[in-house]
Amino acid sequence: MDSSSDPDLGETYHSTESYGEESIEGSESPETKHRQVSRQVIGRKRRSSEIEDDSSAEADSPQNHETSQIPGVARTIENEALTFEVGCPVFRSDLRNTRKDEDIIYHYDCPLEMADLTVGFTVCPGKKWESASRYHTAQFQGRDLRYTVGQYVYINNKEIVPDPPHADATEEERLAYDKKNCWVGLLSEFKAVDGEEVYARVYWLYWPDELPMGRQPYHGRRELVLSNHVGIIEAQSLVSLADVSHWDETDDSNKNMLGERYWRQILDVTKMQKQYPLSLRPLSQLRKFCICEGYDNPEQDMFQCPDKNCDTWNHEACLIENMEQRAWERFKKGTLTDEGPETEQNATSSHIRLKPTKHVATPKSKKSKASRNKKKPWAGKLEGKISRGRKVEDDNYIHIATIRQLVPQSKDEKDSSFKPVTWNMEFNCLKCHRALNSSK
Numbered sequence: 001m002d003s004s005s006d007p008d009l010g011e012t013y014h015s016t017e018s019y020g021e022e023s024i025e026g027s028e029s030p031e032t033k034h035r036q037v038s039r040q041v042i043g044r045k046r047r048s049s050e051i052e053d054d055s056s057a058e059a060d061s062p063q064n065h066e067t068s069q070i071p072g073v074a075r076t077i078e079n080e081a082l083t084f085e086v087g088c089p090v091f092r093s094d095l096r097n098t099r100k101d102e103d104i105i106y107h108y109d110c111p112l113e114m115a116d117l118t119v120g121f122t123v124c125p126g127k128k129w130e131s132a133s134r135y136h137t138a139q140f141q142g143r144d145l146r147y148t149v150g151q152y153v154y155i156n157n158k159e160i161v162p163d164p165p166h167a168d169a170t171e172e173e174r175l176a177y178d179k180k181n182c183w184v185g186l187l188s189e190f191k192a193v194d195g196e197e198v199y200a201r202v203y204w205l206y207w208p209d210e211l212p213m214g215r216q217p218y219h220g221r222r223e224l225v226l227s228n229h230v231g232i233i234e235a236q237s238l239v240s241l242a243d244v245s246h247w248d249e250t251d252d253s254n255k256n257m258l259g260e261r262y263w264r265q266i267l268d269v270t271k272m273q274k275q276y277p278l279s280l281r282p283l284s285q286l287r288k289f290c291i292c293e294g295y296d297n298p299e300q301d302m303f304q305c306p307d308k309n310c311d312t313w314n315h316e317a318c319l320i321e322n323m324e325q326r327a328w329e330r331f332k333k334g335t336l337t338d339e340g341p342e343t344e345q346n347a348t349s350s351h352i353r354l355k356p357t358k359h360v361a362t363p364k365s366k367k368s369k370a371s372r373n374k375k376k377p378w379a380g381k382l383e384g385k386i387s388r389g390r391k392v393e394d395d396n397y398i399h400i401a402t403i404r405q406l407v408p409q410s411k412d413e414k415d416s417s418f419k420p421v422t423w424n425m426e427f428n429c430l431k432c433h434r435a436l437n438s439s440k
């Protein structure tokens with residue numbers, strides 16, 4: 001049976017059973033205060049090995065289920081009463097291998113109305129899924145939280161859910177908890193089977209470490225990757241809403257406020273090839289920055305040239321390396337002196353992207369491959385640093401660039417009286433060479 005996804009969904013579904021829910025006591029932070037989940041129901045998501053090879057699905061499943069004859073099928077939930085099997089991606093040519101008596105329905109849909117990410121998928125048993133009542137929102141007895149199509153959610157991946165981090169937990173501890181115990185999905189629709197069994201269709205978001213091609217150097221700690229990989233989960237496995245937002249890399253306004261988690265890259269499962277599981281082709285292209293043409297990794301600052309005819313974003317690490325190289329040539333000749341502002345008051349700010357906070361996007365530096373592989377002759381002798389000073393208007397800060405001498409310049413200086421010397425430096429746009437911290 002062939003059917004496109006109908007955007008017109010029903011009203012809110014209200015459950016009449018509590019599903020044996022148990023409230024999790026702990027932090028009242030936004031990411032944990034709504035986490036009331038069943039401790040018996042676990043979601044189902046394909047691992048990276050299963051994306052590469054669907055044959056591993058049976059071995060990885062907590063329970064043994066019969067598989068569909070459709071190529072690419074992977075089980076997405078386990079339920080004693082009913083199991084829905086989802087095949088994704090499924091192309092129309094794959095349907096030729098389907099037996100006429102198989103209870104399978106074919107759909108196609110795309111996440112967030114992005115038509116270029118349209119993906120075909122199958123659901124089995126199809127008649128049961130097709131006849132189920134469809135809803136736009138769902139609210140379950142015992143929970144104040146209402147789930148709505150288009151929201152990001154955390155999904156339980158443990159048989160027994162550990163207590164959430166304490167209120168004073170660090171960001172790293174909260175992040176580690178989420179990665180270990182939760183998957184992340186984008187709600188696409190709700191279906192109520194026989195009035196009470198509620199399921200949610202989701203598009204999976206992957207932690208970079210879950211990707212078949214693995215985490216890339218530009219992926220941030222809090223970053224997710226949106227995919228058009230479709231899954232069906234039992235609604236009981238929903239943990240809470242997830243604070244996830246989209247990072248638009250084309251926005252240079254420095255006003256790109258992000259949530260606790262964010263995504264900027266997309267995994268298109270229709271471009272996955274089993275013979276090339278590590279290929280980066282299924283990942284959407286990202287914007288390139290700096291003269292090194294590297295990507296952003298939101299851990300450090302990036303500096304934009306104030307010259308409107310240039311506007312180049314410069315990676316902090318690339319700026320420091322350029323500054324160190326310039327200082328080294330003069331240091332060897334004994335002619336290294338201050339070349340930049342001596343005090344913070346004389347420095348001026350350039351347009352930068354801030355270091356990471358809970359809600360601010362902050363691209364990171366990335367060195368070119370050649371620079372990474374080439375040993376720096378000044379390593380262990382000179383060290384460059386760009387330090388943030390006081391805040392000025394909007395989100396701009398005064399920045400001071402320095403070079404610090406780590407070892408004596410000559411054998412005569414090798415005594416207990418040696419003290420490291422620090423020089424103030426300019427750091428310049430790597431494309432047009434305009435000083436980024438000069439008052440001139």
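Mind the numbering: the sequence shown is residues 1 to 440 in full-length UniProt numbering, read in order.
Built from N, CA and C at the ideal position, the CB exists for glycine as well.
For clarity, every value in this text was computed on a predicted model and none was experimentally measured.
Item: Are Lys242 and Tyr152 touching if we call contact CB-CB under 8 Å?; Value: First, the residue type needs correcting, since residue 242 is Ala and not Lys in the sequence shown. Contact flag set, yes.
Item: Just to confirm, are Leu224 and Leu205 a CB contact at a threshold of 8 Å?; Value: yes
Item: Below 8 Å between beta carbons: does that hold for residue 445 and Arg390?; Value: Here the chain comprises residues numbered 1 to 440, so residue 445 is not present and cannot be evaluated.
Item: Between which two residues does the beta strand (DSSP E) containing Arg134 stretch?; Value: 133 to 135
Item: Starting from the C-beta of Val421, find all residues in its chain whose C-beta is less than 8 Å away, skip the five residues before and the five after it, and write them out in chain order.; Value: Arg404, Gln405
Item: Give a yes or no on whether the C-beta atoms belonging to Ala138 and Phe190 are separated by under 8 Å.; Value: yes
Item: Out of Ser133, Asn157, Gln265, which has the shortest C-alpha to C-alpha gap to Asp194?; Value: Ser133
Item: Which same chain residues, not among the five before or five after Cys110, have their C-beta less than 6 Å away from its C-beta?; Value: Leu117, Thr118
Item: Note down, in chain order, each residue of its chain lying with its Cβ closer than 7 Å to the Cβ of Lys208, except the 5 sequence neighbours on either side.; Value: Checking the sequence, you will find Pro at residue 208 rather than Lys. Closer than 7 Å at Cβ, skipping near neighbours: Arg215, Gln216, His219, Glu223, Val225.
Item: Going by DSSP, name the residue or residues bridged to His399.; Value: Arg388
Item: Quick one: is Ala167 buried, meaning 16 or more other Cβ sit within 10 Å of its Cβ, or exposed?; Value: exposed
Item: Given Ser3, which residues of its chain have a CB within under 8 Å of its CB, disregarding the five upstream and five downstream residues?; Value: Because the pLDDT at Ser3 is just 46, under 50, the model does not fix this residue reliably, and the value given afterwards should be weighed accordingly. These residues qualify, in order along the chain: Ile105, Tyr106, His107, Glu130.
Item: Which residue or residues does DSSP assign as beta-bridge partners of Cys124?; Value: Glu85
Item: Go ahead and pull the three-state DSSP assignment for Ser336.; Value: The sequence as given places Leu at residue 336; Ser does not occur at that position. Note: Leu336 maps to coil in three-state DSSP.
Item: For Phe121 versus Val86, is the C-beta spacing smaller than 8 Å?; Value: yes
Item: Could you give the residue range of the alpha helix (DSSP H) that holds Tyr295?; Value: Per DSSP, Tyr295 belongs to no alpha helix (DSSP H) and is neither H nor E.
Item: Restricting to runs no shorter than 3 residues, where is the beta strand (DSSP E) found entirely within the UniProt domain "BAH" (145 to 279)?; Value: 146 to 148, 152 to 156, 182 to 193, 197 to 206, 223 to 234, 238 to 241, 244 to 246, 261 to 267
Item: Nearest by alpha-carbon distance to Gly185: which of Ile233, Gln265, Arg221, Leu336 is it?; Value: Ile233
Item: Tell me where the beta strand (DSSP E) around Met425 begins and ends.; Value: 422 to 425
Item: From which residue to which residue does the beta strand (DSSP E) around Ile105 run?; Value: 105 to 109
Item: Closest to Leu112 by CA distance: which of Glu171, Asn97, Ser188 is it?; Value: Ser188
Item: Can you tell me which residues form a DSSP beta bridge with Ala435?; Value: Asn428
Item: Could you tell me which residues DSSP pairs with Gln405 in its beta bridges?; Value: Leu382
Item: May I ask you to list the residues that DSSP assigns as paired with Leu283?; Value: Leu267
Item: Rounded to the nearest angstrom, what separates Arg264 and Glu249 at their Cα positions?; Value: 7 Å
Item: Verify whether the separation of the beta carbon atoms of Val123 and His136 is less than 8 Å.; Value: no
Item: So, with DSSP's three-state summary, where would you put Gln141?; Value: coil
Item: Find the nearest neighbour of Leu278 within the set Arg92, Val90, Pro162, Pro212, judged by alpha-carbon distance.; Value: Pro212
Item: Under 8 Å by Cβ, that's how I've got Val230 and Cys88 pegged, so tell me the actual separation to the nearest angstrom.; Value: 4 Å
Item: Whole angstroms are fine: how far does the CA of Asn322 sit from the CA of Lys376?; Value: 11 Å
Item: Alpha carbons only, please: which of His399, Gly380, Trp378, Ala379 is nearest the one belonging to Arg388?; Value: His399
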